[in-house]
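Residue numbers (my numbering), protein chains in the order written: chain A, 1 to 295; chain B, 1001 to 1333; chain C, 2001 to 2508; chain D, 3001 to 3299.
We put the CB at the ideal spot given by N, CA and C, even for glycine.
These numbers come from a predicted model, not from an experiment.
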Amino acid sequence: ADTMKIGITQNNVGVDSYQTTYEKAFIAAAEANPDIETVVLDAGGDVARQIAQMEDLIQQEVDSIIIWPTNGEAVIPAVRKAHNADIPVIVTNSNIAEQGFDFVASFSGPDNITQGSRSAEIMCDKFKASGIEDEARIVQISGQPGYTTAIERAKGFEDRLPEVCPNVTLVETQPGDWNREKSQKVMEAFLVKYDDIDGVYSGDDNMGVGALNAAKAAGRDGIIFVGATNFSVGYEAMERGEYWGSIYQSPVDDAEAALQTAVDVLSGKDVPFLNYFDTPKITQDNMGEFDKPVF
Amino acid sequence: MAPGTLSTFLKRGAIWGFILFELVFFTIAGEFLSLSDKAFMDLDNMLLLFKQSAPIGIIAMGMTIIMINGNIDLSVGAIYAISAIVLLGSMTWPMFAGLGDWVIPLSWALALLTGAMLGALNGLIVWKTGVDAFIVTLGSMLGYRGLVFMYNGEQPTSHLNWTLVDFAEAQFLGLHTPTWFLLAATAAIWFLMNRTVHGRNAYAIGNNREAAVNAGIRVGPHMMINFVIIGFLAALSAVVFYSESGSVNPNDGELYELWVITAVVLGGTKLTGGAGSILSTFGGVLAIQLLRKGLAHIGADTSTVNLVIGLILVAVLFLDRQLNIKGKEELRL
Amino acid sequence: MSEQTPALRLEGIVKTFPGVRALDNVSFSVMPGEVHALMGENGAGKSTLMKVLGGIHQPDAGQIIVGEQPVVMALPLEAKAKGIVFIHQELSLAGELSVAENIYLGELPRKRLGLVDWATLYAQTDAILERLKVGFDARTRVGDLSIANQQMVEIARALTVDAKAVIFDEPTASLTDAEKVVLFDVIASLQAQGVGIIYISHRMEEIFKITDRISVLRDGQFRGTLKTAETTEEDVTQLMIGRKLDLSRAASDHELGDVALEVRDLSCGKLFNDASFTVRYGEVVGFYGLIGAGRTEIAETLFGLRDPSGGHILLDGQETRIQSPADAISKGISLVPEDRKEQGLVLGMNCRDNMTLPQVDDLKAGPFVAEGAEIAIFDQYRDKLDIRTPGWRQIVGNLSGGNQQKIVIGKWLSMRPKVLIVDEPTRGIDVGSKSEIHNLIRELAAQGYAVIVISSEMPEVLHVSDRIIAMYGGRITRTFGADEVTEDSLIQAISGISHAAEPQPQAS
Amino acid sequence: MIGFTVANERFLDPDNVMGVIRSSAILGVMALGVTFVVISGNLDLSVGSMMSFSTIVVLDLHDKIGPALAIPAMFAMTLCLGALIGFLVGYLRLNSLIVTLGMLSAIHGLTLTYSGGKNMDIADKEGTWFGVFGQGDAMGIPIPILLFVLLAALLGAVLSKTPFGRKVYAVGGNGVAATFSGIRRARLVFCCYLISSFCVATAGLIQASRSLGSQNTVGQGLELEVLAAVILGGASLMGGAGTIFKTVIGVLILGFIQNGLLLVGLQFYVQYVVTWIIIILAVWLDIAAKRGKLWSPIA
Ligand SMILES: Nc1ncnc2c1ncn2[C@@H]1O[C@H](COP(=O)(O)OP(=O)(O)OP(=O)(O)O)[C@@H](O)[C@H]1O
Ligand SMILES: Nc1ncnc2c1ncn2[C@@H]1O[C@H](COP(=O)(O)OP(=O)(O)OP(=O)(O)O)[C@@H](O)[C@H]1O
Ligand SMILES: [Mg+2]
Ligand SMILES: [Mg+2]
């Protein structure tokens, strides 16, 4: 068969190691397959640039486009253009809005809402185990304002928590911008402000570890830290027993799933429209089952 | 011909030389590195180049006059986002419900008005308080961004109107709608700066503010007008872009100020004010978009793109400097 | 004249700045068709008074009467509207704009829709430039003009409106004799049109040539008005500085030492060619020439600011290359530059810091700057040069023009160089201080310094120099000894018509 | 300030005040260097990205060659970057805004290449003494504060008392006149960028030591905050004005605003708006006091 030319436009590669690892894994997976050639682009978080990249990929007549949307709705017209040019589009990591489903071949990625719910469950289970499920007070450090992933995780968490632990109060939420240092500052202020914090939920482990550092520096023990996207720092903190749990999500799986979906679509296989890969809970109890994350 | 337009055009030729270099380089490199069978200089690709330059380019025109005037505006990215929110948000407001597609011009007007007013607010503060524009707009970059988030929290504001999308994607005489707006903005601003009293006074103010004051030029209103114009253009850029894309994230437009300023300075406008040319800014905008496109064309990865963009900026400056050296007789300062 | 109403009248004007009472109850008036000189030492308050008149400063007390009406002018714009045109002491131009736009700055002719009426603008400008007999046209970028020509642009502004009164604040400070003639013609024609003219200058010969009356300010106070025809230089000076001037040439005859500086066939591109001359210890060499003659460029080359394209520089008989000003300073060369605002001073810095700037590296106590030593230097030269300032902490930008110039001179004198080059040293300096500076230059020579004086004022060159080098078009045309020089031969030498033997400079 | 105290009584709690100063230390140290650059009439927008670089490099080298060697190695590498910028701006006379903007991007690329895009963490966090710079105490004062204060005192003295400092003001105030006064402008600007990069390296050290692990974007966006602090302190973008002391004030104002707003617990976007208002009011009142008039005299 001819080689397949697959273009990908990622959201914002430089911003965290998840996305960088994703990019590397994607390139590695593509190189491993002699039938695939790829153009790997990064939108740098800018919708306008991403749309321009879509147009460029269409103009370069690639066979398929994978997009990690910077904005699940803004890219729909660009996706439609690809669709009209008979280029199948695969959405990766975070989905586009429903209006655009008609123009998309498949979505491949994690389910961020479910991730948020699962974090709530991890946190609640731990409170129950410690017997404080009726009085616990928690704070949330969310991801960068405006990012779908940040929004969905927060939503999943906030919706699920009252269902499983109705008496736990979420006292305040502030964004940590996916940034460990920023999150540490936010947590420092929380610690000054609230004498009683039993749990911290952060949108990813990077921020979670920042919060953990703040708590350690202030000498506040006994706080339950739960995150998402288990980074290696988070994994290590769990090994040390300082950090309770997270969601295991591998950018390598994410990247390989997206590429495989594209290949499947191009070779005419039937693929499910929503192609979630599993992102299980990871806590100090079961972490032995998981490899340490590479990022 | 307005004074010096042609000669400054030639003197600031570095940017056009650089564009030429980019074209040649990416064409040749593309032969070896690109996956695509299409040439880099393919007509469609060049048409896309203009279209894709529009969001930054339209704002850059406003930034040029602000900088010629001796000020700077760091809040354009935030104004861009607010205007986009007003544009898309207002289309779904219940009070406009019965209007059908007539809501479009209304929303456009509202968005443009918003931009102009936010610009006016900046201008008014700069004028009346005497605080440096850098600080005022650094502040409003943050403050306006706060307003963006107030409208819809962290949620994107969306309204996909296919009539609008079709209009924005249309091509007239081969050029895309955004290209037309970019060209119109460029022409209008060129005319303003080279043909009108306001434009010439703006140059004088940026060049030697004391002299302008002594000559009886009212500095405040001129600055204010320019801030209104850049606000308007930031909104116009948003209107053009979001008509097509239909959804705005609250952090859209972040870092636009830096890209815009880069384009303007690449075009030879002085940060200290008083000198600058609209056409060269146009060149600066094209050069940046060409660079992004070219690097994508040859498939450079993220770290390379960052590295190369940075080094190229420095290289262009260096080239420009070499071109402008008057010779060995020059004073060594 | 006396029964007419004055074009302009000032009554009891008071203006204070922090630490300075710049104007203290000043009253005077200007008749239509009169050229009225305003004189006073540096810092006496002349510019301040005119700025009050021009709407740039607001008086603390007193009133301004134009025609019959008392007026309040909150803005320069309003002064202009009242027919008061102000030609500034410091150039007030936008260098990036064209000559025409600068002349009509703030009042560009308009068409509909706020468009500039370029045709009218250029036509009017060309007419004005015609009258001024200058060699540039309306479309030239002002930044490309020499200082003298920029000054002419400034002067051209006086001709743009139907003025009631025109204020010239030291217009000739950076003009050479050729342009002065033109300026005086302009003033005469304004006078003929019945415009009242206020003329500020430190040059007595001009004052006596063109003015009708002279008003004198001293330390911000009005000292009286004299009829020019009925007074003498001595009287005016007496009124200004409160004593008589000693104009005799001090300490002129002393032994000359060895050759300090020798320049052989020095060239720099098209700026100047094959310049050869020597300066001996104890000698003052004057450079005289028209604008663009290349005197400044030679000085800049000697100071390491330009790369010579050929020739040799010998200091104490040793051939040297001067790489940079720092290098020049370390080799004992100092330059008092011609443009004090751009080249001489950091306007936002205080007086002391400006004065000690070139030697701040040497004034150390441990790792720090020795403030005591600095203040000592400042005090020494403040007294020596009679610098008027409330104290060393004053920001230089707030000093009067002449006092700024003195700071620059003090800065380089305090370096105690071997070779001191002064470029237009007395530009904007009052008569008293001027003769002090002349004496100082002579004194320095007597102490054994080698001094080069570049000046566009013939009396000055004649007064201070042991030898005079005349330049024309980038070439040295002739060298005069103090005894052989006459005004006529000097004028011939600088206009390229002297000495058939000298090679004629190529037109460039 | 009063508002914050009323809104949350813990604002003036010594622990909180100490905390704010400590977390401002990183920003503050960088601002010290940028003050030199700004006074000399230039800009430095690369400090954030350079700080990420320093942090990543020292963390990486920590495990490879040990902290004792890693620290000087990181300083050397950061100073090289500073020297490069200094060369471009000082000797080649390129526009500093664009050069440093370009370097912002280029150094980010360099960092990504260096780290392979991964987070960088010290493997044995318990067993290293490296944490002392960010977490340690000396005589009850946190080391970051101590470093900040020492560096501020040192650089403050350099700027206000030494010939070098005097020349920085001169070059920023009027570069041409400074050259005419025999100041080697290129060398001086070069030195300012070296100082700036030294400060950045120190900030990177504190940052790395504080969290013993970090990400490629740790310094992202700090350049504007640093600049805001410097300007808030009264330095002029035109050069020639500003002091280290005022910069420290600017840093603290910014730090306390951020902390105060967090303590009040406003929505983050309300914080944005309030920060905007406070910054403009602060600068406005400052210059209004200087000119003795509330409204600007601009016609
Ligand atoms: N803006 C200002 N702030 C403070 N002091 C000032 C200011 N402007 C002028 N002065 C002071 O007012 C006094 C009068 O200055 P002015 O410029 O009027 O002198 P002048 O007579 O024009 O002198 P020159 O012949 O040197 O030009 C001086 O002592 C000067 O230092
Ligand atoms: N014929 C000319 N062609 C080009 N440029 C000229 C010409 N005449 C004068 N200039 C410009 O005018 C400037 C002033 O000349 P310069 O400073 O050498 O004169 P000068 O002899 O020092 O006289 P002064 O210092 O009294 O003005 C020169 O640097 C040059 O740029
Ligand atoms: Mg004066
Ligand atoms: Mg000269």
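- When the five nearest sequence neighbours on each side are left out, the beta carbons in the same chain lying within less than 6 Å of the beta carbon of G1115 of chain B are those of I1079, S1083, G1231, F1232, A1234 and A1235, in order along the chain.
- Rounded to whole angstroms, the gap between the alpha carbons of M2415 of chain C and F3133 of chain D is 47 Å.
- Considering only beta carbons, the part of the stretch 3071-3103 of chain D lying closer than 8 Å to chain B consists of L3088, L3092, R3093, L3094, N3095, L3097, I3098, V3099, L3101, G3102 and M3103, in chain order.
- The stretch 101-116 of chain A makes no contact with the stretch 45-61 of chain A: fewer than 3 CB pairs, one atom from each, lie closer than 8 Å.
- Every residue whose Cβ sits closer than 5 Å to any heavy atom of ligand 1 is listed here in chain order: C:F2017, C:V2020, C:A2022, C:N2042, C:G2043, C:A2044, C:G2045, C:K2046, C:S2047, C:T2048, C:N2398, C:L2399, C:S2400, C:G2401 and C:G2402.
- The C-beta distance from G2428 of chain C to A2173 of chain C rounds to 5 Å, short enough to meet the 8 Å contact threshold.
- Residue-level contact by beta carbon fails for F157 of chain A and chain D, as no gap is shorter than 8 Å.
- For secondary structure counted as the alpha helix (DSSP H) over 4 or more consecutive residues, the stretch 2362-2426 of chain C holds these complete runs in sequence order: 2371-2385 and 2401-2413.
- The beta carbon of A2079 of chain C sits closer than 6 Å to the beta carbons of G2054, G2055 and M2073 from its chain, once the five residues preceding and following it are set aside; these are given in chain order.
- Every alpha helix (DSSP H) stretch that sits fully inside the stretch 1017-1105 of chain B and reaches 4 residues is listed by chain position as 1043-1068 and 1076-1090.
- Only A3177, A3178, T3179, F3180, S3181, G3182, I3183 and R3184 from the stretch 3177-3198 of chain D bring a Cβ to less than 8 Å from some Cβ of chain C.
- Runs of the beta strand (DSSP E) spanning 3 or more residues and lying entirely within the stretch 68-100 of chain A occur at 89-92, in chain order.
- Membership of C3191 of chain D in the alpha helix (DSSP H) is indicated by the continuous run R3185 to S3211.
- If you ignore the 5 residues before and after T148 of chain A, its C-beta comes within less than 6 Å of the C-beta of G72 and S94, all in its own chain and listed in chain order.
- One alpha carbon belongs to V2071 of chain C, the other to F2136 of chain C, and they sit about 38 Å apart.
- When the five nearest sequence neighbours on each side are left out, the beta carbons in the same chain lying within less than 6 Å of the beta carbon of M3103 of chain D are those of S3046 and I3085, in order along the chain.
- Under the three-state reduction of DSSP, K2051 of chain C is assigned to helix.
- Of all alpha-carbon atoms in C:R2321, C:P2358, C:M2039 and C:I2084, the one lying nearest the alpha-carbon of T2228 of chain C is that of C:M2039.
- Beta-bridge analysis with DSSP links M4 of chain A to A:I36.
- In the displayed model, P280 of chain A falls within coil according to three-state DSSP, outside both helix and strand.
- Any Cβ of chain C closer than 8 Å to the Cβ of G3240 of chain D would place that residue at the interface, and such an atom is present.
- Annotation: T3162 of chain D is outside any alpha helix (DSSP H) and is labelled neither H nor E by DSSP.
- For L2357 of chain C, no alpha helix (DSSP H) run applies, since DSSP gives it neither H nor E.
- Within the DSSP bridge table, the entry for G199 of chain A names A:I138 and A:I224 as partners.
- Distances from the alpha-carbon of E121 of chain A to those of A:D278, A:V13, A:P166 and A:G100 put A:P166 closest.
- Only R1195, T1196, V1197, H1198, R1200, Y1203, A1204, N1207 and N1208 from the stretch 1190-1208 of chain B bring a Cβ to less than 7 Å from some Cβ of chain C.
- Under the Cβ criterion of 8 Å, W1108 of chain B is not counted among the residues facing chain D.
- From the listed residues C:A2044, C:I2468, C:T2426 and C:I2322, the smallest Cα separation to E2338 of chain C is found for C:T2426.
- Contact annotation: in the stretch 1298-1312 of chain B, residues whose CB is within less than 8 Å of a CB in chain D are T1302, S1303, T1304, V1305, N1306, L1307, V1308, I1309, G1310, L1311 and I1312.
- Residues of chain B whose Cβ lies closer than 7 Å to the Cβ of I66 of chain A do not exist; the shortest such Cβ separation is about 14 Å.
- Under the three-state reduction of DSSP, I65 of chain A is assigned to strand.
- The beta-carbon of D2144 of chain C is placed no less than 8 Å from the nearest beta-carbon of chain D.
- When the Cα atoms are used, A3228 of chain D and E135 of chain A turn out to be separated by approximately 42 Å.
- Flagged as an interface residue toward chain D: A189 of chain A, by a C-beta distance shorter than 8 Å.
- Under the DSSP definition of a beta bridge, I2476 of chain C partners with C:M2471.
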